[in-house]
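A.B. asks:
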Amino acid sequence: MTLLNLLKGRGASVAPDEAGIAAFLQGYSIEVMPRTAAKVEDFAALLPLGTRVYIAHIEGTPIEEMVATAKRLRDEGFAPMPHLPARIISDAAQLDDWLTRYVEEAGVDQALLLAGGVAQPHGAFDSSMQMMETSLFQKHGFKRLHIAGHPEGNKDIDADGGSAIADAALAWKQAFARETGVDMAIVTQFAFDAKPIIEWAERLRMAGITLPIHVGIAGPAKLQTLIKYAISCGVGPSLKVLQKRAMDLTKLMLPYEPTDVIAQLAAWSSEHPGNLIENVHFFPLGGIRTNAEWATEKTAVA
């Protein structure tokens, strides 16, 4: 019986393999916001040098703060990857200006392209594909672009709960990567269960998608914090993992750690060479220091 079949069983779990988890976490990425980055005295004390650090661009954050955070990370030996949410960018001229600032002031050459979490676009852009069609990323020499993936679906994209629109967008973006030569990967929304991630990754592979997947994982945090973020971010059926934990009084007050889901993904990946999962991307919902220290402990296996 395959691991995927085992995971389909109710309550199925995989005994954590410390060496397997350590190997799976190598080269992980993490994200910050300018305001949270400002509270970190020394990133090098928390993260391995060279770590890719995404910089979340929340609506209302001045571009000056985004660029300054990217510059600081670059100066301290990290690889900044700012978010570019299409719906908060007014037009191609503003996108051109932002990319110019990132390149000239912070040495940025990679970005995460998103539609953005606002209901009403601020201007001309409604999707990441529209930004890509401007050719501005080629103009500014961007070497790597990441795009969003949703293993549990996204009703903002497919209102019927399906995946037809999201799947078509991924196929379009893969064609864009092939035509332009830019390195591209899919970074996913976080989930708390390996099963939907594995099934989604395999479905994409069978459909001809070859873009590598960077799996979104929620870092260690209080259970109440995770449930709040999961609901606001539209996390799907895997939210039940947290809800079940919340009903267990012996676990209610204990901090959540993503060991189980990572152990399952690591075990499956090792048994399925050639699968699309390439890296782990952490959402440090319980704080970047807490997440970084946990990751350091898990990767420090002799």
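Its first residue numbered 8, the sequence shown is counted upward by one per residue in our numbering.
Ideal Cβ placement from N, Cα and C applies to all residues, glycine included.
For A299 and A131, I'd like the C-alpha separation in whole angstroms.
C.D. replies: As a working note, residue 299 is residue 292 in the sequence shown. As a working note, residue 131 is residue 124 in the sequence shown. Those two C-alpha atoms are separated by around 38 angstroms.
A.B. asks: In whole angstroms, what separates the C-alpha of A302 from that of L32?
C.D. replies: By one-based count along the sequence shown, residue 302 stands at place 295. By one-based count along the sequence shown, residue 32 stands at place 25. A302 and L32: Cα-Cα distance of roughly 8 angstroms.
A.B. asks: Taking only runs of the alpha helix (DSSP H) that begin and end inside the segment 77 to 146, which ones reach a length of at least 4 residues, in chain order?
C.D. replies: Runs found: 99 to 113, 135 to 139, 143 to 146.
A.B. asks: Identify which residue in T187, E186, I193 has its Cα closest to the Cα of A173.
C.D. replies: Here the question's residue 173 lines up with position 166 in the sequence shown. Selected option, being the one with the closest Cα: I193.
A.B. asks: Among the candidates E71, L211, P203, whose CA atom is the shortest distance from the CA of E356?
C.D. replies: Since the first residue of the chain shown is 8 and the last is 309, residue 356 is not available in this structure.
A.B. asks: Taking the DSSP output, what are the residues bridged to T58?
C.D. replies: Against the sequence shown, residue 58 aligns to sequence position 51. Its beta-bridge partners do not exist; DSSP assigns none.
A.B. asks: Less than 8 angstroms between C-beta atoms, sequence neighbours within five positions excluded: which residues of the same chain meet that for T257?
C.D. replies: For the purposes of this step, residue 257 is taken as the residue at position 250 of the sequence shown. Note that T257 scores 46 on pLDDT, short of 50, meaning its location in the model is unreliable; the coordinates nonetheless yield the value given after this. Contacts found: none.
A.B. asks: Could you pull the DSSP bridge partners for A225 from this structure?
C.D. replies: Walking along the sequence shown from the start, residue 225 turns up at place 218. DSSP lists F290 as partners of A225.
A.B. asks: Does the distance from the C-beta atom of A86 to that of T43 stay below 8 angstroms?
C.D. replies: As a working mapping, residue 86 is identified with position 79 in the sequence shown. As a working mapping, residue 43 is identified with position 36 in the sequence shown. Not in contact: A86 and T43 (Cβ atoms no closer than 8 angstroms).
A.B. asks: Give, in chain order, every unbroken run of the beta strand (DSSP E) that is at least 3 residues long and sits entirely within the segment 183 to 221.
C.D. replies: Within the segment 183 to 221, the complete beta strand (DSSP E) runs of at least 3 residues are 190 to 195.
A.B. asks: Indicate whether S135 and A122 have their beta-carbon atoms separated by less than 8 angstroms.
C.D. replies: On the sequence shown, position 128 is the one that residue 135 refers to. On the sequence shown, position 115 is the one that residue 122 refers to. Going by C-beta atoms, S135 is nearer than 8 angstroms to A122.
A.B. asks: Would you mind reading off the limits of the beta strand (DSSP E) that contains E38?
C.D. replies: For the purposes of this step, residue 38 is taken as residue 31 along the sequence shown, with counting starting at 1. 36 to 39 is the span of the beta strand (DSSP E), which, as asked, contains E38.
A.B. asks: Taking C-alpha atoms, which residue in M138, E278, P69 lies nearest to F183?
C.D. replies: Counting from one through the sequence shown, the residue named residue 183 turns up at place 176. Ranking the options by Cα distance to F183, first place goes to M138.
A.B. asks: Going by beta carbon distance, what residues of the same chain come within less than 7 angstroms of F50, once the five residues before and after it are set aside?
C.D. replies: Working through the sequence shown from its first residue, we reach residue 50 at position 43. Same-chain partners within the cutoff: L80, E83, F85.
A.B. asks: I154 by DSSP, collapsed to three states: which one?
C.D. replies: Residue numbering aside, residue 154 sits at position 147 when the sequence shown is read from its first letter. Three-state result, I154: strand.
A.B. asks: Give me the Cα-Cα distance between G226 and E186, rounded to the nearest whole angstrom.
C.D. replies: Taking the first residue of the sequence shown as 1, we reach residue 226 at position 219. Taking the first residue of the sequence shown as 1, we reach residue 186 at position 179. Between G226 and E186, the C-alpha separation is close to 35 angstroms.
A.B. asks: Could you tell me the distance, in whole angstroms, from the CA atom of S97 to the CA atom of G160?
C.D. replies: By one-based count along the sequence shown, residue 97 stands at place 90. By one-based count along the sequence shown, residue 160 stands at place 153. Taking the straight line from one Cα to the other gives about 27 angstroms.
A.B. asks: Taking 7 angstroms as the limit between beta carbons, can you name the residues of its chain near W207, skipping five residues before and five after?
C.D. replies: In the sequence shown, the residue the question calls residue 207 occupies position 200. Here the set comprises P158.
A.B. asks: Report, in whole angstroms, the separation of the C-beta atoms of A265 and I37, which I expect to be a contact under 8 angstroms.
C.D. replies: Mapped onto the sequence shown, residue 265 falls at position 258. Mapped onto the sequence shown, residue 37 falls at position 30. Reading off the sequence, residue 265 comes out as Pro, not Ala. Not a contact, Cβ separation roughly 13 angstroms.
A.B. asks: Alpha carbon to alpha carbon, how far is K229 from D133?
C.D. replies: As a working mapping, residue 229 is identified with position 222 in the sequence shown. As a working mapping, residue 133 is identified with position 126 in the sequence shown. Taking the straight line joining both Cα atoms gives about 34 angstroms.
A.B. asks: K202: buried (16+ other C-beta within 10 angstroms of its C-beta) or exposed?
C.D. replies: Here the question's residue 202 lines up with position 195 in the sequence shown. Flag for K202 reads buried.
A.B. asks: Within its chain, find whatever has a CB closer than 6 angstroms to the CB of G34; leave out the 5 residues flanking it on each side and keep chain order.
C.D. replies: The count along the sequence shown starts at 1 and reaches residue 34 at position 27. So the list reads N286, once near-sequence residues are dropped.
A.B. asks: For I65, write down the residues that DSSP places opposite it in a beta bridge.
C.D. replies: Residue mapping note: residue 65 aligns to position 58 of the sequence shown, counting from 1. Paired residue(s): none; I65 is not in a bridge.
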